[in-house]
Amino acid sequence: MRNTMRSSSCLALYAQIDLLTEAGHLRRLSAAFARFIGSLGMESPALMAACVLLSELEGRGHSCMKLADLSGAVATQLGWQPEWWRDLRASAGGWPQDVAAWRKLLAASEQVWAVGDLDFDQPLVLDGERLYLRRYWRDEKLVAQAVRERALGEVMAGDASSSIANIRHWLDKLFSHASRGGGPDWQKVACAVAVRGKLGIITGGPGTGKTYTVARLLALLFASAGSRRDSLRVALAAPTGKAAARLKQSIDSALEELDGKVGQELPLRELASRMGAARTLHSLLGARPDTRAFRHHAGKQLEVDVLIVDEASMIHLEMMAALLAALSAHATLILLGDKDQLASVEAGAVLGDLCFDAEAGGYHAETLNYVLDASGISIPAEYAGKAGPIAQQTVMLRESRRFGGPIGVLALAVNRGDAAATVQVLRAPSEGRLAWMDPALPADALQLAVMGREGAPGGYSHYLQLLKAGAPAEQGEAYLAWVKTLIAAFERFRILCAVRDGEWGVHGLNPTIEQRLQSAGLLRRNGEWYAGRPVMVTRNDYATGVFNGDIGLTLPDPARPGAMRVYFSDGDAVRSVLATRLRNVETAFAMTVHKSQGSEFEHTVLALPRESNGTLARELVYTGITRAREFFTLLTPNQQVLLDAIAQRTQRASGLRALLQD
Numbered sequence: 001m002r003n004t005m006r007s008s009s010c011l012a013l014y015a016q017i018d019l020l021t022e023a024g025h026l027r028r029l030s031a032a033f034a035r036f037i038g039s040l041g042m043e044s045p046a047l048m049a050a051c052v053l054l055s056e057l058e059g060r061g062h063s064c065m066k067l068a069d070l071s072g073a074v075a076t077q078l079g080w081q082p083e084w085w086r087d088l089r090a091s092a093g094g095w096p097q098d099v100a101a102w103r104k105l106l107a108a109s110e111q112v113w114a115v116g117d118l119d120f121d122q123p124l125v126l127d128g129e130r131l132y133l134r135r136y137w138r139d140e141k142l143v144a145q146a147v148r149e150r151a152l153g154e155v156m157a158g159d160a161s162s163s164i165a166n167i168r169h170w171l172d173k174l175f176s177h178a179s180r181g182g183g184p185d186w187q188k189v190a191c192a193v194a195v196r197g198k199l200g201i202i203t204g205g206p207g208t209g210k211t212y213t214v215a216r217l218l219a220l221l222f223a224s225a226g227s228r229r230d231s232l233r234v235a236l237a238a239p240t241g242k243a244a245a246r247l248k249q250s251i252d253s254a255l256e257e258l259d260g261k262v263g264q265e266l267p268l269r270e271l272a273s274r275m276g277a278a279r280t281l282h283s284l285l286g287a288r289p290d291t292r293a294f295r296h297h298a299g300k301q302l303e304v305d306v307l308i309v310d311e312a313s314m315i316h317l318e319m320m321a322a323l324l325a326a327l328s329a330h331a332t333l334i335l336l337g338d339k340d341q342l343a344s345v346e347a348g349a350v351l352g353d354l355c356f357d358a359e360a361g362g363y364h365a366e367t368l369n370y371v372l373d374a375s376g377i378s379i380p381a382e383y384a385g386k387a388g389p390i391a392q393q394t395v396m397l398r399e400s401r402r403f404g405g406p407i408g409v410l411a412l413a414v415n416r417g418d419a420a421a422t423v424q425v426l427r428a429p430s431e432g433r434l435a436w437m438d439p440a441l442p443a444d445a446l447q448l449a450v451m452g453r454e455g456a457p458g459g460y461s462h463y464l465q466l467l468k469a470g471a472p473a474e475q476g477e478a479y480l481a482w483v484k485t486l487i488a489a490f491e492r493f494r495i496l497c498a499v500r501d502g503e504w505g506v507h508g509l510n511p512t513i514e515q516r517l518q519s520a521g522l523l524r525r526n527g528e529w530y531a532g533r534p535v536m537v538t539r540n541d542y543a544t545g546v547f548n549g550d551i552g553l554t555l556p557d558p559a560r561p562g563a564m565r566v567y568f569s570d571g572d573a574v575r576s577v578l579a580t581r582l583r584n585v586e587t588a589f590a591m592t593v594h595k596s597q598g599s600e601f602e603h604t605v606l607a608l609p610r611e612s613n614g615t616l617a618r619e620l621v622y623t624g625i626t627r628a629r630e631f632f633t634l635l636t637p638n639q640q641v642l643l644d645a646i647a648q649r650t651q652r653a654s655g656l657r658a659l660l661q662d
């Protein structure tokens, strides 16, 4: 063991790290990373502590650590108690007092590359006042460069009158409705902006018509391709299988409706039939077992001309870097997503960084003139400005055509951080659309899981009653139709949790719900696998073709008496896997809000924990609310947790926004 490991100056730090790890406040990975850095050479305890904190922040979704946050803000980001932070600093000995002192300490380390100095592939990167694990620094650089090049390159010139006239012709044909609010038709604007270059970013809340818009954008791209339309290669993708299936269904439905509107002038049915199924990003890029590398990369790029990616808020930094590297510079990339939803589970908040100017617009005069010529729409002066090149290719949809009523009002109140308005909406009469319950124990809320609540259908009894009625005697199509009916009934209702652990978390509620349903005679558990068990896949499994986040329903195998299969919805079809082949699954009566992104339920229940521990934020509450189509129920054993969450915005440390502005 090297001198550093024997050094008494580090022993106190390692002891404190071990205490925090055993108490569950640190990941074992973070402690191991600090020891790894220490094993490489003589390093100060303060630098080792910084390594622990950097690794822990990465586990919370931050792509870097700001040196200024080492004065104490990092403890808040981690949800630490003041004494934990005090003890860690004390165990490290001398703690640098300001950013300049931290820069001097880090730059002197053999394991830190200070950008601008000679690079020896050190594991840590110091870029200005941000400290990175090298791969996240590399990914941020790649994403920033690739996105800027797309936004700046091949933008249609303002004097391309024939092309602009053609765009205007098709936009007028594809958008025959008027904006309900009397303002600009942002859907039409979004299509005009996206077809202008090789990058289009369309953001907006639920019901603002992102997939409605992109279906018309597809038609516009086909029309603009002229003689090349028959060979235009279009791919659809999303982070999860369910989101991919919904994207394909929505686009197919919209193109079918448009086909009757455009007639023989543009054979949309034929063009849509060649697109193929939407795929997960892992499938699109060609994920391979036992490696983070993909089959498609900068040296072997995707063979597509247009790539449309839905639910882009779920895409983490590493995945976005891989996607951009695998995409030809000549291909058009369209990103769809709600910038206000939860960011990805893994490091990065890419869509949020890309769309930080979206609400203000910030459009240059050239962009405003182009939109007017191409769509006939004059964007109000309040959206003019001098934002960067990405903002010129970004449009925020502002008019919700579906997501209105009390649920929409509630979501907007949470999103703007208005706690008083949130409470007022929850307490106001809503004809059963909203309910706010504050049960003392999970058992007090279990009736929701069985039958729903007064004024709101739901609960799991509906699909379980269908299951008890039995499958049809016939196999084949009749059995699959029955399976589809069961899955649709199950998908009407869901309990979402803000956390995984604790009595109000996924790990606490799932067994409690399972026991209640069993005692009510709605299901019979006779082992790990039983008829009616909903499961969520927790890890990609390429051998069986299931991916992290996929949700399936366990049902009897009609061809093998006594065996169970798990059936997954795949658009209009279903696919199944023998239950005993699924190794990484968990029961999914309750699931986390993170895992629910890309899904919608007729009745959604959001359960908040008894203690907030400083890590809950309004984006989580907003995302949970917007999973509800018709009915929403909030469970808060401690109402202060809701108020604290609304008051806090998720702030992920990242250098991407600064890189995009440079």
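Mapping of the sequence shown onto full-length UniProt numbering: position 599 corresponds to residue 599, and the numbering continues sequentially without gaps. Cβ atoms here follow ideal geometry from the backbone N, Cα and C, with glycine treated the same way.
Quick one: is ASP159 buried, meaning 16 or more other Cβ sit within 10 Å of its Cβ, or exposed? One-based indexing of the sequence shown puts residue 159 at position 159. Because ASP159 sits at a pLDDT of 42, beneath the cut-off of 50, its placement in the model cannot be relied upon, and the following sentence gives the value as read from the coordinates. Counting Cβ neighbours within 10 Å, ASP159 comes out exposed, since fewer than 16 surround it.
query = From what residue to what residue does the alpha helix (DSSP H) around HIS462 run?
reply = As a working note, residue 462 is residue 462 in the sequence shown. Counting along the chain, the alpha helix (DSSP H) containing HIS462 begins and ends at 461-469.
CA-CA distance, LEU131 and TRP113?
-> In the sequence shown, the residue the question calls residue 131 occupies position 131. In the sequence shown, the residue the question calls residue 113 occupies position 113. Roughly 10 Å between the two C-alpha positions.
Cβ-based burial, GLY352 [other Cβ within 10 Å; buried from 16] = Locating residue 352 in the sequence shown gives position 352, counting from the first residue. GLY352 is buried by the Cβ-count criterion.
message = In the DSSP output, which residue or residues are listed as bridge partners for ALA456?
response = Indexing the sequence shown from 1 puts residue 456 at position 456. Its beta-bridge partners are ARG453.
- Message: Less than 8 Å between C-beta atoms, sequence neighbours within five positions excluded: which residues of the same chain meet that for VAL189?
- Response: If you number the sequence shown from 1, residue 189 lands on position 189. Correct list, in chain order: VAL371, SER375, ILE377, ILE379, VAL395.
What three-state label does DSSP hand TRP85 in the structure shown?
Mapped onto the sequence shown, residue 85 falls at position 85. Helix, per DSSP.
Write down the C-beta distance between SER344 and ILE315 rounded to the nearest angstrom, noting that I regard them as a contact closer than 8 Å.
If you number the sequence shown from 1, residue 344 lands on position 344. If you number the sequence shown from 1, residue 315 lands on position 315. Sure, about 6 Å apart at Cβ, within 8 Å.
- [ ] Taking ILE407 as the reference, give the member of GLN392, LEU397, GLN424, GLN393 with the closest Cα.
- [x] If you number the sequence shown from 1, residue 407 lands on position 407. Closest by alpha carbon: GLN424.
ARG6 versus ARG134: straight-line alpha-carbon distance, rounded = To locate residue 6, count along the sequence shown from 1; it is residue 6. To locate residue 134, count along the sequence shown from 1; it is residue 134. With a pLDDT of only 42 at ARG6, under the threshold of 50, the placement of this residue in the model should not be trusted; the figure read from the coordinates follows. ARG6 and ARG134: Cα-Cα distance of roughly 27 Å.
Quiz item: Taking just the CA atoms, how far does ARG398 sit from LEU466?
Solution: Numbered from its first residue, the sequence shown carries residue 466 at position 466. Numbered from its first residue, the sequence shown carries residue 398 at position 398. About 40 Å.
Report task. Would you mind working out which of LEU271, LEU317, ARG524 sits nearest GLU58, comparing C-alpha positions? Result -> Position 58 of the sequence shown, counted from the start, is the residue given in the question as residue 58. For GLU58, the nearest C-alpha among the options comes from LEU317.
- Any idea if GLY550 is buried or exposed, counting beta-carbon neighbours within 10 angstroms, 16 or more meaning buried? Stepping through the sequence shown from its first residue, residue 550 is reached at position 550. The sequence given here places Asp at residue 550; Gly does not occur at that position. ASP550 is buried by the Cβ-count criterion.
ask   = Taking Cβ to Cβ, would you say LEU434 is nearer than 8 Å to GLY624?
value = Counting from one through the sequence shown, the residue named residue 434 turns up at place 434. Counting from one through the sequence shown, the residue named residue 624 turns up at place 624. For LEU434 and GLY624, no; Cβs fall outside 8 Å.
- Query: Hey, out of HIS603, ARG229, ARG500, whose CA is closest to GLU611's CA?
  - Reply: Against the sequence shown, residue 611 aligns to sequence position 611. With distances taken between Cα atoms, GLU611 lies closest to ARG500.
Could you tell me the alpha carbon to alpha carbon distance between GLY362 and LYS198, rounded to whole angstroms?
Position 362 of the sequence shown holds residue 362. Position 198 of the sequence shown holds residue 198. Approximately 20 Å between the Cα atoms of the pair.
Between the Cα of GLY276 and the Cα atoms of GLY299, GLN249, ASP290, GLN301, which residue gives the shortest distance?
-> Translated into the one-based positions of the sequence shown, residue 276 becomes position 276. Nearest C-alpha to GLY276: GLN249.
So, at 8 Å on beta carbons, what are the nonlocal neighbours of LEU660 in its own chain, with the 5 sequence-adjacent residues on each side left out? Walking along the sequence shown from the start, residue 660 turns up at place 660. Excluding positions up to five away in sequence, the list reads ALA144, VAL147, ARG148, ASP353, LEU354, GLY388, ILE390.
Discussion item. Spatial neighbours of LEU327 within its chain, please: C-beta separation below 7 Å, excluding the five flanking residues on both sides.
Written reply: Locating residue 327 in the sequence shown gives position 327, where the first residue counts as 1. Correct list, in chain order: GLN301, LEU302, LEU307, LEU333.
Segment limits, beta strand (DSSP E) that includes GLU129: Numbered from its first residue, the sequence shown carries residue 129 at position 129. Careful: GLU129 lies outside any beta strand (DSSP E) and carries neither H nor E.
Taking the straight line between their C-alpha atoms, what separation do you get for THR587 and ALA298? On the sequence shown, position 587 is the one that residue 587 refers to. On the sequence shown, position 298 is the one that residue 298 refers to. Cα-Cα distance, rounded: 39 Å.
> Would a C-beta distance cut-off of 8 Å place ARG295 and LEU281 closer than the cut-off?
Replying inline: For the purposes of this step, residue 295 is taken as the residue at position 295 of the sequence shown. For the purposes of this step, residue 281 is taken as the residue at position 281 of the sequence shown. Taking 8 Å as the Cβ cut-off, ARG295 and LEU281 do not qualify as a contacting pair.
Does the beta-carbon of SER231 have 16 or more other beta-carbons within 10 angstroms, so that it is buried, or is it exposed?
By 1-based counting over the sequence shown, the position of residue 231 is 231. With fewer than 16 other Cβ atoms within 10 Å, it is exposed.
ALA312 versus ARG539: straight-line alpha-carbon distance, rounded
Taking the sequence shown and counting its residues from 1, the one referred to as residue 312 is at position 312. Taking the sequence shown and counting its residues from 1, the one referred to as residue 539 is at position 539. Approximately 20 Å between the Cα atoms of the pair.
Requested in this report: Decide if PRO96 is buried, meaning its Cβ has at least 16 other Cβ atoms within 10 Å, or exposed.
Outcome: On the sequence shown, residue 96 is found 96 positions in, with the first residue counted as 1. Flag for PRO96 reads buried.
*asked:* Using CA atoms only, rank isn't needed, just tell me which of ALA194, SER400, GLY459, LEU335 is closest to LYS393.
replied: On the sequence shown, residue 393 is found 393 positions in, with the first residue counted as 1. The amino acid occupying residue 393 in the given sequence is Gln; Lys does not appear at that position. Selected option, being the one with the closest Cα: ALA194.
Practice task
Taking all protein chains shown into account, decide if GLU43 is buried (16 or more other Cβ within 10 angstroms of its Cβ) or exposed.
Solution key: Taking the first residue of the sequence shown as position 1, residue 43 is located at position 43. Buried, because 16 or more other Cβ atoms sit within 10 Å of the Cβ of GLU43.
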